[in-house]
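Q: Protein sequences appear in the order of chains B and Y.
Basically our numbering = 1-based index in the first sequence + 250.
Basically our numbering = 1-based index in the second sequence + 250.
Positions of the beta carbon are idealized from the N, C-alpha and C atoms, including for glycine.
Just so you know, these numbers come straight off a predicted model, no measurement behind them.
Take a look at this one; I'll ask things after.
There are 2 protein chains.
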Amino acid sequence: MESASAPRVPATGRRPRGRPRKTLAQRDDGNRRRALIRGAARLFRRKGFDATSTRDIAAAAGMQSGSPFYHFKNKQALLFAVMEEGMRHAVERQQQAVAAAGMEALDPADQLRVLVRSHFEVLLGPGSDFIPVMLYEARSINARQRASLSELRSTYEGTWVPVLQALYASGRLKADVKLARLMIFGALNWSVQWFDRRKEASLDDLTQAALALFIGGNP
Amino acid sequence: MESASAPRVPATGRRPRGRPRKTLAQRDDGNRRRALIRGAARLFRRKGFDATSTRDIAAAAGMQSGSPFYHFKNKQALLFAVMEEGMRHAVERQQQAVAAAGMEALDPADQLRVLVRSHFEVLLGPGSDFIPVMLYEARSINARQRASLSELRSTYEGTWVPVLQALYASGRLKADVKLARLMIFGALNWSVQWFDRRKEASLDDLTQAALALFIGGNP
DNA sequence: CCTACCGATCGGTAGG
DNA sequence: CCTACCGATCGGTAGG
Chain B
251 MESASAPRVP ATGRRPRGRP RKTLAQRDDG NRRRALIRGA ARLFRRKGFD
301 ATSTRDIAAA AGMQSGSPFY HFKNKQALLF AVMEEGMRHA VERQQQAVAA
351 AGMEALDPAD QLRVLVRSHF EVLLGPGSDF IPVMLYEARS INARQRASLS
401 ELRSTYEGTW VPVLQALYAS GRLKADVKLA RLMIFGALNW SVQWFDRRKE
451 ASLDDLTQAA LALFIGGNP
Chain Y
251 MESASAPRVP ATGRRPRGRP RKTLAQRDDG NRRRALIRGA ARLFRRKGFD
301 ATSTRDIAAA AGMQSGSPFY HFKNKQALLF AVMEEGMRHA VERQQQAVAA
351 AGMEALDPAD QLRVLVRSHF EVLLGPGSDF IPVMLYEARS INARQRASLS
401 ELRSTYEGTW VPVLQALYAS GRLKADVKLA RLMIFGALNW SVQWFDRRKE
451 ASLDDLTQAA LALFIGGNP
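Below, the structure written as structure tokens:
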């Protein structure tokens, strides 16, 4: 369907055997692009955006130094792609968790538990470089990109608001809802600085401690 | 006491009048060094360590591009100096706050209030670039420097432990003390990401909300 | 602390 | 997507 044109075969006189090889440039673009994003996420997280060279990223995806710019306009666009992918994934995970838990039937404390647990998953679970990059490299994207991300962010954070309001109304949460939300995200997001998958507690332990800290657990 | 040697005066025949000017290189070294640290703190905070050039830092202190290296071995040493100064200042402020509040006479909830308030001061008060740099550029110092800082950090965090333990023992704090400490610092430290001195709440409001969130306020 | 400078690296591009 | 390359910038140094 896409391979019959054979003009690039060297004129050796022998016909090519087997499935015709695609030119490198024809390899599934989406795949290569994703490989760049994944490698960039890992490197941006480990070394930071400014200390990561586009050559490092290219090498991580098995490419030559100039090739990332075939897929992305510039380095900043790559950073934005990492963040956007991270946020889309986070929103998706959150919605799955909410659906799987049958959120409406739960009392507000258990609703919060679902959201916290899902948040830790996105933040600290396997392959979780995207959101940390988004949280700690926000300085390096431009205003338009920031605005675009903040829409996704509003969707994500919006889910928390009614839960916190219900907890406040019932007296379980004692702090001003707006400041509480900011501080709760801080408490959770900061875990990327100290959490060690190998030692420390499990994500369930963290969730337990967070709930206990914010609303005194599940009395 | 330090000005009688006049060998650098050009032989114009006229004797110098007034207080002899020091050569540039003789100007109070401590002052110049501090100017570099202060400028570096501001720039590191605004643009990040990697995105800040030593030329920027030099210019902020009114120097030429090579001059910072007269005071610091390299850029990393400058970063470390910023962090160390920040931690020393934080420890000092904390001890002052503890002393001024007559800590021993307070109940644990009020002790926590004193620590939280002092922490916000160091984090968000005027001229508070040092600690944010230390919190968000930790990746860029080496192991020896990190070890040196972690001593100061232990001193600072050590003050919190008995307070949290007392709150836990009395049932006011419901979460595991170790995880609670980490999450509390997260909630507070994250504020540098969103707090705006011009809008939002005052540091007292933040303190109030934090206490309410962690231990249900002061019932 | 300044002047003058160096080697290395980096983001990005043209042309295929 | 590769090759070959450019201009700019950067950390750092020698020598005064």
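Any beta carbon of chain Y sitting closer than 8 Å to that of B/K237?
A: In the structure displayed, chain B extends from 251 to 469; residue 237 of chain B sits before or after that span and is not available.
Q: Count the other CB atoms, across all protein chains shown, that sit within 10 Å of the CB of B/G244; report buried if there are 16 or more and exposed otherwise.
A: Because chain B here runs from 251 to 469, residue 244 of chain B falls outside it and cannot be looked at.
Q: When you compare the CB of B/N439 with every CB in chain Y, is at least one pair closer than 8 Å?
A: Yes, because at least one Cβ of chain Y sits closer than 8 Å to the Cβ of B/N439.
Q: Cβ of B/F380 within 8 Å of Cβ of B/L423?
A: Not a contact, by the Cβ cut-off of 8 Å.
Q: Take the Cβ of Y/E354 as the centre, count every other Cβ of all protein chains shown within 10 Å, and call the residue buried at 16 or more, exposed below.
A: The residue in question, Y/E354, is exposed, as its Cβ has fewer than 16 Cβ neighbours within 10 Å.
Q: Quick one, are the C-beta atoms of B/R343 and B/V383 less than 8 Å apart?
A: Not in contact: B/R343 and B/V383 (Cβ atoms no closer than 8 Å).
Q: Quick one: which chain Y residues come within Cβ less than 9 Å of B/A340?
A: Those within 9 Å of B/A340 in chain Y number zero; the least Cβ separation is about 17 Å.
Q: Would you say B/A359 lies against chain Y (beta-carbon separation less than 8 Å)?
A: False, the Cβ-Cβ gap to chain Y never drops below 8 Å.
Q: Since Y/I391 is in the alpha helix (DSSP H), which residue starts that stretch and which ends it?
A: Segment: none, Y/I391 is in no alpha helix (DSSP H) and carries neither H nor E.
Q: What in chain Y is Cβ-close to B/M384, meaning under 8 Å?
A: Within chain Y, no residue comes near B/M384; the closest Cβ sits about 12 Å away, beyond 8 Å.
Q: Output yes if chain Y places a C-beta closer than 8 Å to the C-beta of B/S290; else output no.
A: The sequence shown places Ala at residue 290 of chain B, rather than the Ser named in the question. No, B/A290 does not count as interfacial toward chain Y.
Q: By a C-beta neighbour count over all protein chains shown, 10 Å radius and 16 as the cutoff for buried, is Y/T273 buried or exposed?
A: Because Y/T273 carries a pLDDT of 45, less than 50, the predicted location of this residue cannot be relied on, and the following value inherits that uncertainty. Result: exposed.
Q: Measuring only the C-alpha atoms, how far is B/P412 from Y/V411?
A: Distance between the alpha carbons of B/P412 and Y/V411: 34 Å.
Q: Between Y/L329 and Y/E387, how many whole angstroms is the CB-CB distance? I'm expecting something under 8 Å.
A: About 6 Å separates the two Cβ atoms, so the contact holds.
Q: So Y/P376 is in the alpha helix (DSSP H); what residue range does that whole segment cover?
A: Counting along the chain, Y/P376 falls outside any alpha helix (DSSP H), and DSSP gives it neither H nor E.
Q: Buried or exposed: where does Y/S368 fall if 16 or more other Cβ atoms within 10 Å of its Cβ makes it buried?
A: Answer is buried; the Cβ neighbour count reaches 16.
Q: Let me know if Y/N439 comes out buried or exposed under the rule of 16 or more other beta-carbons within 10 Å of its beta-carbon.
A: The residue in question, Y/N439, is buried, as its Cβ has 16 or more Cβ neighbours within 10 Å.
Q: Identify the contact partners of B/F464 in chain Y, using a Cβ-Cβ distance below 7 Å as the criterion.
A: Correct list: L463.
Q: Return yes when the C-beta of B/S390 is under 7 Å from any heavy atom of the ligand SAM, and no when it is not.
A: Absence of the ligand SAM from the depicted structure is noted, as is the absence of any ligand whatsoever, leaving it without description.
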